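Numbering (our numbering), first residue to last: 5 to 84. Every residue, glycine too, gets a C-beta built ideally from N, C-alpha and C. Computed from a prediction, not measured in an experiment: that's the story for all the values here. Report on the structure given below.
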(Lines of atoms letter the chains of each structure in order from A and count residues from 1; the text may use other names and numbers.)
(Lines give C-alpha, C1' and ligand atoms only; values in the text may rest on other atoms or scores of the structure.)
Protein backbone atom coordinates (compact mmCIF):
# COMPACT_ATOMS: atom_id res chain seq x y z
CA UNK A 1 0.00 0.00 0.00
CA UNK A 2 1.44 3.36 -0.98
CA UNK A 3 1.57 6.30 1.35
CA UNK A 4 0.13 9.74 0.71
CA UNK A 5 2.64 12.21 -0.69
CA UNK A 6 3.48 15.73 0.44
CA UNK A 7 5.91 18.36 -0.82
CA UNK A 8 9.10 19.05 1.13
CA UNK A 9 7.59 22.31 2.37
CA UNK A 10 4.42 20.55 3.58
CA UNK A 11 6.40 17.82 5.33
CA UNK A 12 8.61 20.37 7.07
CA UNK A 13 5.52 22.27 8.23
CA UNK A 14 3.93 19.06 9.56
CA UNK A 15 7.10 18.16 11.48
CA UNK A 16 7.34 21.65 12.96
CA UNK A 17 3.68 21.69 14.00
CA UNK A 18 4.13 18.42 15.86
CA UNK A 19 7.43 19.17 17.58
CA UNK A 20 6.21 22.58 18.72
CA UNK A 21 3.52 20.74 20.72
CA UNK A 22 6.13 18.69 22.58
CA UNK A 23 6.87 19.63 26.21
CA UNK A 24 9.62 22.22 26.44
CA UNK A 25 9.75 23.04 22.72
CA UNK A 26 6.84 25.45 22.33
CA UNK A 27 8.13 28.73 20.91
CA UNK A 28 11.76 27.57 20.70
CA UNK A 29 13.81 27.66 17.51
CA UNK A 30 15.39 24.24 17.06
CA UNK A 31 17.71 22.73 14.49
CA UNK A 32 14.60 21.22 12.94
CA UNK A 33 13.32 24.77 12.27
CA UNK A 34 16.54 25.62 10.44
CA UNK A 35 16.74 22.22 8.73
CA UNK A 36 15.21 21.04 5.50
CA UNK A 37 13.37 18.00 4.21
CA UNK A 38 15.56 16.06 1.81
CA UNK A 39 14.90 12.93 -0.20
CA UNK A 40 16.75 9.76 0.72
CA UNK A 41 15.77 7.59 -2.23
CA UNK A 42 14.16 5.07 0.19
CA UNK A 43 14.47 1.36 -0.52
CA UNK A 44 11.28 -0.70 -0.47
CA UNK A 45 7.89 0.03 1.04
CA UNK A 46 9.12 0.32 4.63
CA UNK A 47 12.10 2.64 4.13
CA UNK A 48 11.37 6.37 4.39
CA UNK A 49 12.13 8.34 1.26
CA UNK A 50 12.84 11.59 3.14
CA UNK A 51 14.49 12.90 6.28
CA UNK A 52 15.34 16.23 7.91
CA UNK A 53 18.81 17.63 7.21
CA UNK A 54 20.19 19.55 10.18
CA UNK A 55 23.56 20.30 11.76
CA UNK A 56 22.68 17.83 14.55
CA UNK A 57 22.75 14.17 13.50
CA UNK A 58 19.59 12.13 14.22
CA UNK A 59 21.47 10.33 17.02
CA UNK A 60 21.62 13.68 18.84
CA UNK A 61 17.89 14.42 18.60
CA UNK A 62 15.50 14.09 21.49
CA UNK A 63 13.70 10.77 21.30
CA UNK A 64 10.30 12.44 21.11
CA UNK A 65 11.45 14.56 18.16
CA UNK A 66 12.86 11.50 16.39
CA UNK A 67 9.55 9.70 17.04
CA UNK A 68 7.57 12.55 15.45
CA UNK A 69 9.74 12.44 12.35
CA UNK A 70 9.55 8.65 12.10
CA UNK A 71 5.75 8.67 12.48
CA UNK A 72 5.44 11.18 9.65
CA UNK A 73 7.91 9.21 7.51
CA UNK A 74 5.69 6.15 7.96
CA UNK A 75 2.62 8.14 6.92
CA UNK A 76 3.86 10.33 4.05
CA UNK A 77 6.26 10.03 1.16
CA UNK A 78 8.08 12.99 -0.37
CA UNK A 79 6.38 14.19 -3.55
CA UNK A 80 9.42 14.75 -5.72
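Asked                                                                                                       : Found
Residue 23 beta carbon less than 9 Å from that of residue 69                                                : yes
Residue 42, DSSP secondary structure in three states                                                        : strand
Short Cβ contact (9 Å threshold) for residue 39 with residue 13                                             : no
Beta-carbon spacing of residue 33, residue 55 below 9 Å                                                     : no
4-residue-minimum alpha helix (DSSP H) runs that sit fully inside the region 15-83, ordered along the chain : 35-38 and 67-79
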